[in-house]
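Report on one structure; see the data block that follows.
Protein chains: 2
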Amino acid sequence: LDYQHVQVPFEITLWIMLASLAKIGFHLYNKLPSVVPESCLLIFVGLIMGGIIYGLNDRSPPVMDTDIFFLYLLPPIVLDAGYFMPSRPFFENIGTILLYAVVGTIWNVFGIGFSLYGICQVKAFRLQDVSLLHNLLFGSLIAAVDPVAVLAVFEEIHVNEKLHILVFGESLLNDAVTVVLYKLFRSFCEMPTIKSVDIFAGVGKFFVVGLGGVLVGLTFGLTAAFTTRFTKDIRVIEPLFVFLYSYLSYLTAEMFHLSGIVAIIACAMGMKRYVEANISLKSHTTVKYFMKMWSSVSDTLIFIFLGVSTIGENHEWNWPYICFTVIFCLVWRALGVLVLTFFVNRFHVNTITGKDQFIIAYGGLRGAICFSLVFLLPDFHRKKLFIAATTVVILFTVFIQGMTIRPLVDLLAVKRKRESAPTVGEQIHIRFLDHLLAGIEDISGHWGQYYWKDKLEYFNSKYLQKILLREHDQPKSSIVLLYEKLERKHAIELAEAGQLGHAPSHPSLLRSGRLCSNNARTAIMDQKLEDTLNPDVLENIQEILARNLYRIRRTGPAYNRHTLPGETEPVEHAKEILMLRHRSL
Amino acid sequence: LDYQHVQVPFEITLWIMLASLAKIGFHLYNKLPSVVPESCLLIFVGLIMGGIIYGLNDRSPPVMDTDIFFLYLLPPIVLDAGYFMPSRPFFENIGTILLYAVVGTIWNVFGIGFSLYGICQVKAFRLQDVSLLHNLLFGSLIAAVDPVAVLAVFEEIHVNEKLHILVFGESLLNDAVTVVLYKLFRSFCEMPTIKSVDIFAGVGKFFVVGLGGVLVGLTFGLTAAFTTRFTKDIRVIEPLFVFLYSYLSYLTAEMFHLSGIVAIIACAMGMKRYVEANISLKSHTTVKYFMKMWSSVSDTLIFIFLGVSTIGENHEWNWPYICFTVIFCLVWRALGVLVLTFFVNRFHVNTITGKDQFIIAYGGLRGAICFSLVFLLPDFHRKKLFIAATTVVILFTVFIQGMTIRPLVDLLAVKRKRESAPTVGEQIHIRFLDHLLAGIEDISGHWGQYYWKDKLEYFNSKYLQKILLREHDQPKSSIVLLYEKLERKHAIELAEAGQLGHAPSHPSLLRSGRLCSNNARTAIMDQKLEDTLNPDVLENIQEILARNLYRIRRTGPAYNRHTLPGETEPVEHAKEILMLRHRSL
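These protein sequence lines map, in sequence, to chains W and U.
First residue of the first sequence? That's 1 in full-length UniProt numbering, and the numbers climb one at a time after it.
First residue of the second sequence? That's 1 in full-length UniProt numbering, and the numbers climb one at a time after it.
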């Protein structure tokens, strides 16, 4: 037996296997995941495993390695989040998100830091040796909302898109602020005196870290798009580039002490559009599937490790400090959301309601990022107290808030995600309004989001597409695409109907038929429109389209100066379409 | 700048990126890969990179780490090979393959070892200090044909299936022999005296290592199949299990000093059938795509590293030893193939021709496995000589043999892979003959391959399928599946034909149409039949099927005692099918 030799890959594989099997286990009992969020179940599994390891070895189980977390577990989750980010609501609310992420986080850091320092002054609590700087440092790591925890809970409760993007966007973008503040306070802790220059430098760093991340991300994203122009002959390595470039953007940003999370999101959002157009359909399925798979595994491992690491002797218990930390985290977040939303609502027509504000404040979950940062703290005599407080805050937010947020959403009747997607009519209207508003903004001289969006789109189609896309022909109108898709779907249904009358294995045919039409759908359009139509509406649309598009075709290329357009009746058209089909039989 | 922190993942990502970009580079010039095999080009890139590193640092570039090779680079390639192994020709020729792999390899090892020992006795060559055991040890590592090198070359020259599986199967299965002989001689080198018991133990080990590998592989493979029974609710982690279990089988086998390659092949071949039936179509696309991608990247990295590692000061040059090594490798392999084929041909009707024998002998390429093994040798004063000889043999086989094998195949007019796949008729006949032969074998009491195949199939459908498959309904006849597929394809074509008459963007429609029908094809049958029919044959078949299957349907469930079966004319049938379709309009 030679275990030493294979130990590293063997143990990694076993951990991933454990995580995957745990996931299967939860889903075998359908009731469990609908009550308790998966993140809680996974932490629970981790706690049990940690307890077993502790019991057997009689020493603390290994703590989640900070490097493993930041270099290997976090990037897949963020990449997945960035790649599947709904870009429209994100950019529509970018101002609000940035306000929450930057000002909100700073508010929380200083609020929590100063008020904990106040608590430390109470002699009865025996905390006088915790300095203000240490409290602020602790505040900077405990204040940030965690994207992994937020995603795990919010994906299950299906609140409306705007609410979701506000909380989730904040949790992603506050990374830049957290990185800067955390490093700033950590270096202050080690400095003998702090000059005002240092503080100004810290403020300047915000912009460098955030914008630098965006720049690094976009550079790699566009390079990735450019690379996929040349992969036509070796389709099989196409998905690789998506992963390699995103990961490189993350690592490069981390290397220069920029925000890796911001970089990888910018990279994913920047490349998505072009890569999708360049790579083959199967490559794209693989990319999407593998991204989801990787992020799901990472996410599972993170929560299990979180549970395992909680067990042990790393903690110093101090009731007042820990309780007040939890309270301050809740109170300052609530206050921050209230104040910031007050300002946001003054400048927006589409305001954030009181219920929404409550969910935003309540959804501020803490997770593995805090946990990793607290272990990265330089050694000082109260580090174990900070670890204990962080652990309690994470467990409190994930378990108590995570488990109660779903009932609360039900109770408050918070506006949910709409079940049926927008119809074609709505989509056309939205696009029409976008153009209209861009025009109005242009005339009125007010350069708002529509103006910039229009300019960006122009720049994209004029320059970027020509460089980054392999085939940059005119994009087809989405309505023509829809018509093609419906025609094809109908044809397949017809083919099956011809069989179904007497075919031996009815249900299996139906099943494969559904499969096929699903595939045909994916094949033809991979756009927003695609998975957004319900069958009733579809039939309606098809009828209208069949009539109108047919007429367009007739009046278009087949123009004849001896006949008037639209002379034939709709019924005639339908007949003629039928005839066309028969002829090809 | 904090490079230290991200160094490991950053450099790994960069190496993979380099490998992928090199691959893209070759394919941009279509002529290059058609003359020079990709493996040669990649080694060449590696040589250049090694030269640059050597020139800049003025010391030998890092040598490919043996652990990295055996633990991370080799498994994906072998997994891919095992998963896509054409099982019919493999099992039909298993006897011949095993003979080549076991007896052939032993023959080569002892042939090369003893004759090199003979060379060492010539005083003028100054090699008297190389003992017989060291020569045999060297023989054991240089004798084995390398699956990675063979695959890289044989995938491009398209020889007939039998020839391909003979060379490739041998290169995979000789791993067990190589492992045993290599470890045996290595331990003999360190022993003071060798008893005859040790030699017998060595012979026994063959069976343990080989059969143990198969056992470990099958265990993990069937466990994987069983696990995928329960993944219905979390499709997204399905592909993971395929990779995790295969990798675990490899690591477990290596841990117990069994043959990891044999284990992973047994695992892949064992699980494939059941996993495919259990997991979703998209998961399966992802599995296939990712396997190909991973193996392609591993393969690329191996050849580049091979090139890089060649440069440097690890070599001791001795003309006679190195030249005679190359000559003996060629001669003993040729002799071995001749002798073994003589015996094989006496027992087979379908003989191996002289041309085939030449290609089998000539296709015995050496590669990265030898290279890794030679670096694993215990330190002794002539190790650098062995390294030099191994490097030369590898470069000789990959460059000279790899580049000339294609012209030779053309020149000799070796039977190629048939362009068009077997027709439905052929397939039905093959299956019919299988059943017939199984019956004959059963009656005559001769338990040959058909008898065992039949028994295995029975055991599979009676027990294994019930345990391992989620839905174990009667499998549909492949001819019914084909009919469904053709009907659907035709329907899609019809739908497009209706548009093509006047539609504005003809070529783009055609393109998307092709896409869709490709998808529909994949959707419906993922079997051998699928990508094996050319369009002319297809139409023909469809006509016949349409008529006949329709009649079967009529005479089947719609049986009526007042009419005779087959009363209506074929033309009537076609009409009736048409009517059925119209009604559903």
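Every residue gets a Cβ at the ideal spot worked out from N, C-alpha and C, and that includes glycine.
What residue range does the alpha helix (DSSP H) around U:Val107 cover? Here residue 107 of chain U turns out to be Trp, not Val, going by the sequence shown. Thr105 to Cys120 is the extent of the alpha helix (DSSP H) around U:Trp107.
Between which two residues does the alpha helix (DSSP H) carrying W:Asp356 extend? Gly354 to Tyr362
Would you kindly work out how many angstroms separate the C-alpha atoms of U:Thr353 and U:Lys162, rounded to a whole number? 12 Å
Alpha helix (DSSP H) segments (min. 4 residues) lying fully within the stretch 151-199 of chain U: 161-190
So, for W:Thr96: in the same chain, excluding its five sequence neighbours on each side, which residues have a beta-carbon less than 7 Å away from its beta-carbon? Leu166 and Val344
Rounded to whole angstroms, how far is the Cβ of U:Val297 from the Cβ of W:Ile237, which I believe are closer than 8 Å? 7 Å
Below 8 Å on C-beta distance, what does U:Leu251 contact in chain W? Val6, Pro9, Phe10 and Thr13
Is the Cβ of U:Ser20 closer than 8 Å to any Cβ of chain W? yes
Reference U:Leu116, options U:Trp107, U:Gln128, U:Leu99 and U:Asn135, closest by Cα: U:Asn135
If we ignore side chains and look at the alpha-carbon of each, how far apart do U:Thr377 and U:Cys323 end up? According to the sequence as given, residue 377 of chain U is Leu; it is not Thr. U:Leu377 and U:Cys323: Cα-Cα distance of roughly 21 Å.
Compile a chain-ordered list of the residues in the stretch 260-274 of chain W whose CB is closer than 8 Å to at least one CB of chain A. Chain labels in this structure do not include chain A; the protein chains are W and U.
8 Å contact criterion, which W:Arg366 and W:Thr397 should meet: CB distance rounded: 5 Å
Own chain partners of residue 588 of chain W with C-beta closer than 7 Å, once the 5 adjacent residues on each side are dropped: Since the first residue shown for chain W is 1 and the last is 585, residue 588 of chain W is missing from the structure and cannot be characterised.
List, in order along the chain, the chain W residues whose C-beta lies closer than 8 Å to that of U:Thr231? Ile24
Grab me the residues of W:Ser20's own chain with a C-beta within less than 8 Å of its C-beta, minus the 5 sequence neighbours each way, in chain order. Val297 and Thr300
Determine, using beta-carbon pairs with one atom in the stretch 430-439 of chain U and one in the stretch 190-209 of chain U, whether at least three such pairs fall under 8 Å. no
Contacts around U:Trp107, its chain only, beta-carbon distance under 6 Å, and the 5 residues preceding and following it disregarded: Gly336
8 Å Cβ cutoff met for W:Met403 and W:Cys120: no
Using a Cβ-Cβ cut-off of 8 Å, state whether W:Asp526 counts as contacting chain U. For W:Asp526, the predicted structure reports a pLDDT of 36, less than 50, and the residue's modelled location is therefore unreliable. A value from the coordinates is still provided. It does not: the Cβ of W:Asp526 has no partner Cβ on chain U nearer than 8 Å.
Bridge-paired residues (DSSP) for W:Arg416: W:Val159
Taking the C-alpha atoms as reference points, what is the distance between U:Glu471 and U:Tyr450? 28 Å
Can you grab the Cα-Cα spacing for the pair U:Phe114 / U:Asn318, in whole Å? 18 Å
Output, in chain order, the set of chain U residues within a Cβ distance shorter than 7 Å of W:Thr285. Lys282, Thr285 and Thr286
I'd like to know if U:Lys183 contacts chain W, where contact means its C-beta is closer than 8 Å to some C-beta of that chain. no
On the three-state DSSP scale, how would you describe W:Met64? coil
Output yes if chain W places a C-beta closer than 8 Å to the C-beta of U:Ser187; else output no. no
Could you list which residues in chain W have their beta carbon closer than 7 Å to that of U:Lys31, in chain order? Here the premise fails: no neighbours, minimum Cβ distance about 13 Å.
Taking the C-alpha atoms as reference points, what is the distance between W:Tyr250 and W:Val287? 18 Å
Contact set between the stretch 285-317 of chain W and chain U, restricted to residues whose Cβ is under 7 Å from the partner: Thr285, Thr286, Tyr289, Phe290, Lys292, Met293, Ser296 and Val297
Give the DSSP-derived three-state secondary structure of W:Ser292 in the structure shown. Here the sequence assigns Lys to residue 292 of chain W, which means Ser is not the residue at that position. In this structure, W:Lys292 counts as helix in the three-state DSSP scheme.
Identify the contact partners of U:Glu254 in chain W, using a Cβ-Cβ distance below 8 Å as the criterion. Asp2, His5 and Val6
From the DSSP output, in three-state form, read off W:Arg470 for me. coil
Under the rule that 16 or more other beta-carbon atoms within 10 Å means buried, what is U:Phe10, buried or exposed? buried
In three-state terms, what does DSSP make of W:Thr223? helix
With a threshold of 8 Å on Cβ separation, who are the neighbours of U:Ser60 within its own chain once the five nearest residues in sequence on each side are excluded? Tyr54, Ile311, Gly312, Glu313 and Asn314
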